[in-house]
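Colleague:
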Amino acid sequence: MQRNPQLNANGELQHLLSIEGLPREVLTRILDTAESFAGVTEREVKTVPLLRGKSVFNLFFEPSTRTRTTFEIAAKRLSADVINLNIALSSQTKGESLLDTVANLSAMHADIFVVRHGSSGAPYLIARHVKPHEHVINAGDGRHAHPTQGLLDLFTIRHYRKDFSRLTAAIVGDVLHSRVARSLIHGLTTLGAPEVRVIGPQTLMPAGVESLGVRVFHDMRAGLKDCDVVVMLRLQNERMGGPLLPSAQEFFKHYGLTAEKLALARPDAIVMHPGPMNRGVEIDSTVADGPHSVILPQVTFGIAVRMAVMSMIAGN
Amino acid sequence: MKLHIRGGRVVDPASGRDAVGDLYLADGRIAEAPAGRADRVIEAKGLVVAPGFIDLSARLREPGYEYKATLESEMDAAVAGGVTSLACPPDTDPPLDEPGLVDMLRRRAKALTRARLYPVGALTVKLKGEALTEMAELAESGCVAFSQANAPLGDTQVLWRALQYAATFRLPVWLRAEDLWLAKGGVAHDGEIATRLGLPGIPAFAETIALGTILELVRATGARVHVCRLSSAAGVELMRRAKQAGLPVTCDVGIHHVHLCDLDIGYFDSHCRLEPPLRSARDRDALARALVDGTADCLCSDHTPVDEDGKNLPFAEAEPGATGLELLLPLALKWGEASGLALAATLARITSEPARILCVASGRLAVGAPADVTVFDPGAAQRLTAASLKSQGKNTPFLGYELAGRVRYTIVAGNVVYEA
Chain A
0 MQRNPQLNAN GELQHLLSIE GLPREVLTRI LDTAESFAGV TEREVKTVPL
50 LRGKSVFNLF FEPSTRTRTT FEIAAKRLSA DVINLNIALS SQTKGESLLD
100 TVANLSAMHA DIFVVRHGSS GAPYLIARHV KPHEHVINAG DGRHAHPTQG
150 LLDLFTIRHY RKDFSRLTAA IVGDVLHSRV ARSLIHGLTT LGAPEVRVIG
200 PQTLMPAGVE SLGVRVFHDM RAGLKDCDVV VMLRLQNERM GGPLLPSAQE
250 FFKHYGLTAE KLALARPDAI VMHPGPMNRG VEIDSTVADG PHSVILPQVT
300 FGIAVRMAVM SMIAGN
Chain B
0 MKLHIRGGRV VDPASGRDAV GDLYLADGRI AEAPAGRADR VIEAKGLVVA
50 PGFIDLSARL REPGYEYKAT LESEMDAAVA GGVTSLACPP DTDPPLDEPG
100 LVDMLRRRAK ALTRARLYPV GALTVKLKGE ALTEMAELAE SGCVAFSQAN
150 APLGDTQVLW RALQYAATFR LPVWLRAEDL WLAKGGVAHD GEIATRLGLP
200 GIPAFAETIA LGTILELVRA TGARVHVCRL SSAAGVELMR RAKQAGLPVT
250 CDVGIHHVHL CDLDIGYFDS HCRLEPPLRS ARDRDALARA LVDGTADCLC
300 SDHTPVDEDG KNLPFAEAEP GATGLELLLP LALKWGEASG LALAATLARI
350 TSEPARILCV ASGRLAVGAP ADVTVFDPGA AQRLTAASLK SQGKNTPFLG
400 YELAGRVRYT IVAGNVVYEA
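First to last, the protein sequences are chains A and B.
The first sequence: position 10 = 9 (numbering that gives the first Met the number 0), numbered continuously.
The second sequence: position 5 = 4 (numbering that gives the first Met the number 0), numbered continuously.
1) Here's the rule: buried if 16 or more other CB atoms are within 10 angstroms of the residue's CB, otherwise exposed. What is Met-107/A?
2) For chain A, is any of its Cβ atoms less than 8 Å away from the one on Glu-71/B?
3) Can you pull the chain B neighbours of His-143/A, defined as C-beta to C-beta under 7 Å?
4) Assuming Asp-102/B is part of the alpha helix (DSSP H), what are its boundary residues?
5) Buried or exposed: which applies to Pro-4/A, given that a residue is buried once 16 or more other Cβ atoms fall within 10 Å of its Cβ?
6) For the structure I just gave you, are there three or more beta carbon pairs, one from the segment 346-353 of chain B and one from the segment 410-419 of chain B, closer than 8 Å?
7) Alpha carbon to alpha carbon, what distance is there between Ala-144/A and Leu-312/B?
8) Can you give me the Cβ contacts of Arg-223/B inside the same chain, cut-off strictly under 6 Å, excluding the 5 residues immediately before and after it?
9) If we define contact as Cβ-Cβ less than 8 Å, is Pro-313/B a contact residue for chain A?
10) Ignore the nearest five residues each way along the sequence and tell me which others in Ala-33/A's own chain have a CB closer than 6 Å to its CB.
11) Note down the Cα distance separating Met-276/A from Phe-300/A, rounded to an integer number of angstroms.
12) Between the segment 207-224 of chain A and the segment 254-272 of chain A, can you find at least three pairs of beta-carbon atoms closer than 8 Å?
13) Over the uninterrupted beta strand (DSSP E) stretch that includes Ser-146/B, give me the two end residues.
14) Determine, using beta carbons only, whether Gly-154/B comes closer than 8 Å to chain A.
15) With 8 Å as the C-beta to C-beta threshold (strictly closer), list the residues of the segment 200-216 of chain A near chain D in chain order.
16) Could you check whether the Cβ of Leu-191/B sits closer than 8 Å to any Cβ belonging to chain A?
17) What do you reckon, are the CB atoms on Val-129/A and Ala-121/A nearer than 8 Å?
18) Out of Val-101/B, Cys-142/B, Glu-133/B, Gly-128/B, which has the shortest C-alpha to C-alpha gap to Cys-358/B?
19) State the Cα-Cα distance for the pair Ser-78/A and Arg-67/A, rounded to the nearest angstrom.
20) Is Glu-133/A close to chain B? Criterion is C-beta to C-beta, closer than 8 Å.
21) With distances taken from CA atoms, which of Asp-92/B, Lys-109/B, Tyr-66/B, Thr-69/B is nearest Ser-84/B?
22) Look at the Cβ atom of Ala-315/B, then the Cβ atom of Pro-199/B, and state whether they are nearer than 8 Å.
23) For Gly-6/B, which residues from the same chain have a beta carbon less than 6 Å from its beta carbon, with the 5 sequence-adjacent residues on both sides left out?
24) Inspect the beta-carbon positions of Cys-297/B and Pro-369/B and report whether they are closer than 8 Å.
25) Taking 8 Å as the threshold, find out whether the segment 277-288 of chain A comes into contact with the segment 253-263 of chain A through three or more Cβ pairs.
26) For Ala-365/B, which of Asp-21/B, Ala-25/B, Ala-30/B has the nearest alpha-carbon?
27) What are the boundary residues of the alpha helix (DSSP H) that Glu-31/B is part of?
28) May I ask you to report which of helix, strand or coil DSSP gives Pro-89/B?
29) Using the Cβ count rule (16 or more neighbours within 10 Å means buried), how would you classify Val-44/A?
30) Within its chain, find whatever has a CB closer than 6 Å to the CB of Val-416/B; leave out the 5 residues flanking it on each side and keep chain order.
31) Rounded to whole angstroms, what is the Cα-Cα separation between Gly-392/B and Leu-111/B?
32) Output the residue ranges of the beta strand (DSSP E) runs that lie fully inside the segment 147-223 of chain A and measure 3 residues or longer, sorted by chain position.
33) Identify the contact partners of His-116/A in chain B, using a Cβ-Cβ distance below 8 Å as the criterion.
34) Between Gly-63/B and Pro-93/B, is the Cβ-Cβ spacing less than 8 Å?
35) In three-state DSSP terms, what is His-325/A?
36) With contact counted as at least three CB pairs below 8 Å, one residue from each stretch, are the segment 171-181 of chain A and the segment 226-234 of chain A in contact?
Here it is as structure tokens:
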């Protein structure tokens with residue numbers, strides 16, 4: 000099997016493509032670095048010169064607001080030049096191939112490509128074809144991975160819980176289609192969380208999901224019992240009324256997070272959501288806005304985590 | 000033209016012959032000992048002299064996909080791989096659903112004087128799975144069987160009628176067993192690897208459910224069906240029982256599926272994007288064993304040249320298939336050796352067994368049989384590179400591998416069509 004393509008020959012991070020396969024020390028170092036940047040965002044002068052003179056190309060083949068914006072803010076705080084490309088509206092629709100698009104941008108002297116793509120593995124393909132000084136950061140590929148989201152989730156958990164070694168975490172909802180779930184599962188198991196649960200109906204569980212090191216629950220109440228962390232996944236409305244789920248109402252009744260169900264978790268449990276939320280589908284407003292919710296701090300931490308990743312990969 | 004192949008290890012799976020000796024060819028047939036002086040003597044000391052290989056599935060990409068490969072390039076690849084007869088599936092553009100197209104293809108192949116070409120006709124018009132083709136007429140123009148290639152046939156009413164109609168004229172039908180709905184959108188075996196990589200899966204029961212349907216319809220219609228590219232352990236089990244029950248069914252396995260599994264996808268290697276998908280290691284091992292015990296009748300290359308643009312895409316978007324004609328021998332030898340088989344038993348899967356399914360007289364070295372012979376060096380290893388492949392398709396997961404088994408001479412109808 001090939002060498003892990005995101006590490007260079009010295010085991011250093013060359014690209015960030017997936018949390019899977021990253022050693023515990025690398026994850027910890029990213030989180031520690033993010034910690035040091037968390038202070039920067041509180042300062043009056045919010046920039047540091049680590050990426051001065053470098054160009055970050057935001058290459059989004061799928062729409063995104065939160066992820067793209069936080070990458071942009073993170074890059075700017077590192078003093079990089081940021082170029083946003085909304086590919087969905089330009090060259091792809093004219094039939095240009097993915098690698099041609101990348102080659103053209105590369106000719107414009109890119110240093111970092113932040114890539115979101117609907118097909119699993121697309122950032123790997125790009126990483127195989129970029130020049131040695133160029134770096135690829137996966138900002139979400141198909142159902143496969145969303146490593147910076149996974150890292151910011153880990154950062155959030157560490158911020159509120161300190162210790163992974165006694166943690167019980169539950170990830171609830173559409174695991175089948177979720178790159179967020181996959182990345183977080185790999186992160187939690189790598190950092191030593193003893194119990195990671197996934198909760199949802201069979202139709203939303205991928206085949207052999209247990210092999211990722213999780214316990215599967217179809218009964219949400221049983222699954223939430225004594226959890227320290229509850230991560231709700233976004234459920235796209237397009238999934239409703241098809242072969243996977245009959246209706247939003249029925250889903251919410253069984254797998255939506257309400258205050259009553261949350262009471263089964265630990266009294267100090269935190270509630271997370273990668274956004275965008277569907278209130279009343281996967282999460283009740285009283286919970287989303289309630290005292291257990293750390294959904295907005297997640298967004299703030301996302302900036303520090305993305306600063307950490309970019310500076311570690313391409314910093315001066 | 001008289002040919003004398005001297006001092007080679009003559010291996011004829013059909014008769015069980017495996018001994019050092021001479022082979023004589025005259026007037027396009029295997030001949031008795033010397034009928035006069037040979038026009039050419041081939042020294043085969045240290046080499047294996049075997050029947051020319053027969054491949055039940057090789058896409059030549061003509062007509063319609065000449066940018067991926069041409070009849071010329073792929074016929075070169077065939078003889079370089081020791082393949083003297085090949086069946087080509089009907090998924091060309093337009094598909095092989097009209098006698099005129101079949102005629103033209105056969106004439107073009109004949110003019111190239113390389114391997115023998117056996118076209119497989121489309122089972123339904125445009126491979127759409129709706130209306131039957133003129134099978135009887137297509138058979139007259141040279142189609143040896145009828146198939147949907149990889150095109151789905153979801154309508155079981157159409158499948159039933161197609162088998163009835165084919166059975167009426169005693170025409171063989173070659174089918175992939177894959178349920179249209181269960182396979183829809185899938186690109187990898189539905190299991191741990193697809194889950195980790197976030198790739199939409201095709202469950203193994205997409206094969207067994209379709210296979211169950213096919214076997215029931217064989218029972219009902221008496222059609223002679225060959226199942227193409229079996230991919231799962233459960234599929235093997237169904238085939239085993241069907242054969243024990245005496246159904247007129249045979250099946251083949253692709254060369255990649257006895258060596259690779261979903262784990263080999265690694266970090267989204269699009270060369271491992273195949274149809275059917277590579278399944279688990281357990282499935283792979285079951286396929287390799289099925290080929291040993293005869294549950295699977297033969298091994299085929301499922302040769303599918305794809306250009307670089309078709310593979311330089313994210314896994315799910317990449318075009319499925321791998322080049323295979325030139326890998327048939329090395330990968331067959333590798334499987335045979337790993338399975339502890341005698342050389343004759345290994346070669347049977349690419350000579351006498353596919354000949355039986357094709358109902359042709361080649362694939363054996365009996366006197367009077369067509370003089371289709373491949374002479375190869377079983378020990379000579381060579382590193383597989385894009386440049387070493389004659390095929391226009393350089394798409395193979397085995398690029399960079401060191402593989403043993405090198406063809407030295409390929410002889411079709413008594414003419415040396417390749418030597419190296």
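Glycine is no exception: its CB is placed at the ideal position from the N, C-alpha and C atoms.
Being a predicted model, the structure only gives us computed values, none of them experimental.
Modeller: Let me spell this out:
1) The residue labelled residue 107/A in the question sits at position 108 within the first sequence. So Met-107/A ends up on the exposed side.
2) Locating residue 71/B in the second sequence gives position 72, counting from the first residue. Chain A contact via Cβ: absent.
3) The residue you call residue 143/A lines up with position 144 of the first sequence. Below the 7 Å Cβ cutoff, chain B contributes Leu-196, Gly-197 as neighbours of His-143/A, in chain order.
4) Counting from one through the second sequence, the residue named residue 102/B turns up at place 103. Where Asp-102/B is concerned, the enclosing alpha helix (DSSP H) stretches over 98-111.
5) Translated into the one-based positions of the first sequence, residue 4/A becomes position 5. By the 10 Å Cβ count, Pro-4/A comes out buried.
6) Counting C-beta pairs closer than 8 Å gives fewer than three between the segment 346-353 of chain B and the segment 410-419 of chain B, which falls short of the contact rule.
7) Reading the second sequence from its first residue, position 313 is the one you call residue 312/B. Reading the first sequence from its first residue, position 145 is the one you call residue 144/A. Between Leu-312/B and Ala-144/A, the C-alpha separation is close to 18 Å.
8) Numbered from its first residue, the second sequence carries residue 223/B at position 224. Excluding sequence neighbours, Arg-223/B sits near Pro-171, Pro-247.
9) Along the second sequence, one-based indexing puts residue 313/B at 314. Taking Cβ atoms only, chain A reaches closer than 8 Å to Pro-313/B, which makes this a yes.
10) Here residue 33/A is taken as the residue at index 34 of the first sequence, counted from 1. Within the same chain, Cβ atoms closer than 6 Å to the Cβ of Ala-33/A are found at Phe-154, Ala-303, Val-304, Ala-307, the five residues on either side in sequence being excluded.
11) Your numbering for residue 276/A matches position 277 in the first sequence. Your numbering for residue 300/A matches position 301 in the first sequence. Spanning the two alpha carbons is a distance of roughly 18 Å.
12) Flag = yes, the segment 254-272 of chain A and the segment 207-224 of chain A touch.
13) Taking the first residue of the second sequence as 1, we reach residue 146/B at position 147. 144-146 is the span of the beta strand (DSSP E), which, as asked, contains Ser-146/B.
14) Your numbering for residue 154/B matches position 155 in the second sequence. As written in the sequence, residue 154/B is Asp, which differs from the Gly given in the question. No, Asp-154/B lies away from the interface with chain A (no Cβ there is under 8 Å from its Cβ).
15) The structure shown contains no chain D; its protein chains are A and B.
16) Within the second sequence, numbered from 1, the residue matching residue 191/B stands at position 192. For clarity, residue 191/B is Glu in the given sequence; the question names Leu instead. Yes, Glu-191/B lies at the interface with chain A (some Cβ there is under 8 Å from its Cβ).
17) As a working note, residue 129/A is residue 130 in the first sequence. As a working note, residue 121/A is residue 122 in the first sequence. Contact flag unset, no.
18) As a working mapping, residue 358/B is identified with position 359 in the second sequence. Of the candidates Val-101/B, Cys-142/B, Glu-133/B, Gly-128/B, the one whose C-alpha sits nearest the C-alpha of Cys-358/B is Cys-142/B.
19) On the first sequence, residue 78/A is found 79 positions in, with the first residue counted as 1. On the first sequence, residue 67/A is found 68 positions in, with the first residue counted as 1. Distance between the alpha carbons of Ser-78/A and Arg-67/A: 17 Å.
20) Against the first sequence, residue 133/A aligns to sequence position 134. Among the residues facing chain B, Glu-133/A is not included, as its CB has no counterpart in that chain under 8 Å away.
21) Counting from 1 along the second sequence, the entry for residue 84/B is found at position 85. Measuring from the Cα of Ser-84/B, the nearest candidate turns out to be Lys-109/B.
22) In the second sequence, residue 315/B corresponds to position 316, counting from 1. In the second sequence, residue 199/B corresponds to position 200, counting from 1. Yes, these two residues count as a Cβ contact at 8 Å.
23) Taking the second sequence and counting its residues from 1, the one referred to as residue 6/B is at position 7. For Gly-6/B, same chain residues with a beta-carbon under 6 Å away, outside a window of 5 residues either side, are Ala-43, Lys-44 in chain order.
24) The residue given as residue 297/B occupies position 298 in the second sequence. The residue given as residue 369/B occupies position 370 in the second sequence. It is not a contact, given that the beta carbons lie outside the stated cut-off.
25) Taking a contact to require three or more Cβ pairs closer than 8 Å, the segment 277-288 of chain A and the segment 253-263 of chain A qualify as touching.
26) The residue labelled residue 365/B in the question sits at position 366 within the second sequence. Minimum Cα distance to Ala-365/B is reached at Ala-30/B.
27) Along the second sequence, read from residue 1 onward, the residue named residue 31/B stands at position 32. Careful: Glu-31/B lies outside any alpha helix (DSSP H) and carries neither H nor E.
28) On the second sequence, residue 89/B is found 90 positions in, with the first residue counted as 1. DSSP, reduced to helix, strand and coil, places Pro-89/B outside both helices and strands of the structure shown, so it counts as coil.
29) As a working mapping, residue 44/A is identified with position 45 in the first sequence. Val-44/A is exposed by the Cβ-count criterion.
30) If you number the second sequence from 1, residue 416/B lands on position 417. Answer for Val-416/B: Val-78, Arg-113, Thr-409, listed in chain order.
31) What you label residue 392/B is simply residue 393 of the second sequence in a count that begins at 1. What you label residue 111/B is simply residue 112 of the second sequence in a count that begins at 1. When rounded, the separation of the alpha-carbon atoms in Gly-392/B and Leu-111/B is 19 Å.
32) Uninterrupted beta strand (DSSP E) stretches at least 3 residues long and entirely within the segment 147-223 of chain A occur at 167-171, 194-198, 214-216, given in chain order.
33) To locate residue 116/A, count along the first sequence from 1; it is residue 117. Near His-116/A (Cβ distances below 8 Å), the residues of chain B are Pro-313.
34) By one-based count along the second sequence, residue 63/B stands at place 64. By one-based count along the second sequence, residue 93/B stands at place 94. Yes.
35) Within the shown structure, residues of chain A are numbered from 0 to 315, placing residue 325/A beyond reach of any answer.
36) A contact exists between the segment 171-181 of chain A and the segment 226-234 of chain A.
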